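This report refers to the structure that appears directly beneath it.
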Amino acid sequence: MPLADSDGTSIYYERHGNGPAILFVHGSGGHHAAWWQQVAALRAEFTVVTVDLRGFGKSDSSMTEFDGQDFPGDVVAVLDQEDLTDVMLVGQSIGSVAALRAGLLRPERVGSVVLGHSLGGISHPELKELAAADRAEAVKLPVIDRLLTKRFQQQRADLTFLFQQMGTFNVARMQDLRNLDTDGPSLDDIRNAGVKVAFLAGEKDAVLSVKTVTRAHELLPGSHLEVVPGAPHSMYWETPAEYNAAVAHLRRTLTAPKEAA
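Counting in our numbering, the sequence shown runs from 1413 upward without gaps.
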């Protein structure tokens, strides 16, 4: 069982396939197995790495409390353990915050970061205000309706049930991740690190609007923006073909300035 040491905490991860590396960082209800549709589709062309943050899946969950500020270090531990370079980190929702911070901690290993359905915890007053307004609307909905479309829930009751079961394997909860974006990186921090950033958004995301993500893209020169039509917050689960195509496209095309020099 592959394990990486993150300051004394055992972090479980898996490595599949060969080629340019993509490392997926799950959200608050996920773990390494949530990426089953991505691993199967992408491992023929890419090295696909999945990881369980502490308190999730098979990683160490024995601590009495969890601090979201430790999660980026869990990603870094896997990068170092596998001696990965030119990696594209792909975060899902709040996992994008951990992915961005990990990329800034190891710019020599990370060429790009894809912020899936997230602003990555970027510290900017206008973006914080826009995200807060989106969140105020989202909390009016049942949790499942924020993540998957009604149509999918009705047509794929089986996959909706499995999606909900995924979180039952975790000890850590959403409240353990909320402080992850405290003292987040500034736009200048990102530019200075030389790590390319892409925003990956779903047209029907009920948690973070395309308008907000587009504004973040406008404020970060050199960033990329991919908007998938008809996709919800949990695009990787509900519309995997479109999600996988977007991730593969970004992996093939994103090159950090330091690598192009």
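For each residue, glycine too, the CB sits at the ideal point set by N, CA and C. Model, not experiment: these values are computed from the prediction.
field: Backbone secondary structure at F1575 - three-state DSSP
entry: When DSSP states are grouped into helix, strand and coil, F1575 belongs to the helix group.
- prompt: Can the beta-carbon of P1484 be found less than 8 Å from the beta-carbon of A1514?
  reply: Contact: yes.
query: Where does the unbroken beta strand (DSSP E) through T1434 begin, and where does it stop?
result: The displayed chain sequence assigns Ile, not Thr, to residue 1434. Where I1434 is concerned, the enclosing beta strand (DSSP E) stretches over 1433-1437.
query: DSSP puts A1416 in a beta bridge; with which residues?
result: Paired residue(s): I1423.
task: Could you check which residue in K1608, N1582, V1522, L1612 has the C-alpha nearest to that of E1477?
output: N1582
Neighbour-count burial assignment, R1585, 16 or more Cβ in a 10 Å radius: exposed
N-terminal and C-terminal residue of the alpha helix (DSSP H) that V1555 is part of: That run of the alpha helix (DSSP H) goes 1555-1559.
- request: Within its chain, find whatever has a CB closer than 6 Å to the CB of L1491; leave out the 5 residues flanking it on each side and keep chain order.
  value: R1518, R1521
message: Which of the three DSSP states is assigned to S1473 in this structure?
response: DSSP places S1473 in coil when its eight states are reduced to three.
- prompt: Apart from the five residues just before and just after P1641, which ones in its own chain have a Cβ nearer than 6 Å to its Cβ?
  reply: Counting only Cβ-Cβ distances below 6 Å, and skipping sequence neighbours, we find E1615.
DSSP three-state assignment for T1594, whether helix, strand or coil: coil
- request: Would you decide whether Q1567 is buried or exposed? Buried here means 16 or more other CB atoms lie within 10 Å of its CB.
  value: exposed
- prompt: Which whole-angstrom value is the C-beta distance of R1466 and I1423, which I expect to be below 8 Å?
  reply: 7 Å
- request: Look at L1620 and H1529 and say whether their C-beta atoms are less than 8 Å apart.
  value: yes
message: Considering only the alpha carbon of each residue, which of H1438, R1547, A1452 lies closest to V1509?
response: From the listed residues H1438, R1547, A1452, the smallest Cα separation to V1509 is found for H1438.
Inter-residue spacing [alpha-carbon to alpha-carbon] between R1547 and E1457: In a straight line, the C-alpha of R1547 is about 36 Å away from that of E1457.
- prompt: DSSP state of S1524, grouped into three classes?
  reply: strand
field: Reference E1650; option with closest CA among R1558, D1593, A1610, V1625
entry: Per the Cα distances, R1558.
- prompt: Among residues of its own chain, excluding the 5 on either side of V1639, which ones have a beta-carbon nearer than 7 Å to its beta-carbon?
  reply: A1613, E1615, V1622
message: What would DSSP say about F1468, mapped onto helix, strand or coil?
response: coil
task: Run the CB neighbour count on F1573, radius 10 Å, all protein chains shown included, and call it buried at 16 or more, exposed below.
output: Label assigned to F1573: exposed.
- request: Check the DSSP bridge columns for D1620 and list the partner residues they point to.
  value: Reading off the sequence, residue 1620 comes out as Leu, not Asp. None, per the DSSP bridge assignment.
field: Contact under 8 Å by Cβ, V1451 with E1494
entry: The answer is no: Cβ separation not under 8 Å.
Span of the beta strand (DSSP E), counted from its first residue to its last, around Q1565: Taken as a continuous stretch (DSSP letters only), Q1565 belongs to no beta strand (DSSP E), being part of the alpha helix (DSSP H) at 1562-1567.
task: Would you kindly work out how many angstroms separate the C-alpha atoms of K1470 and A1416, rounded to a whole number?
output: 12 Å
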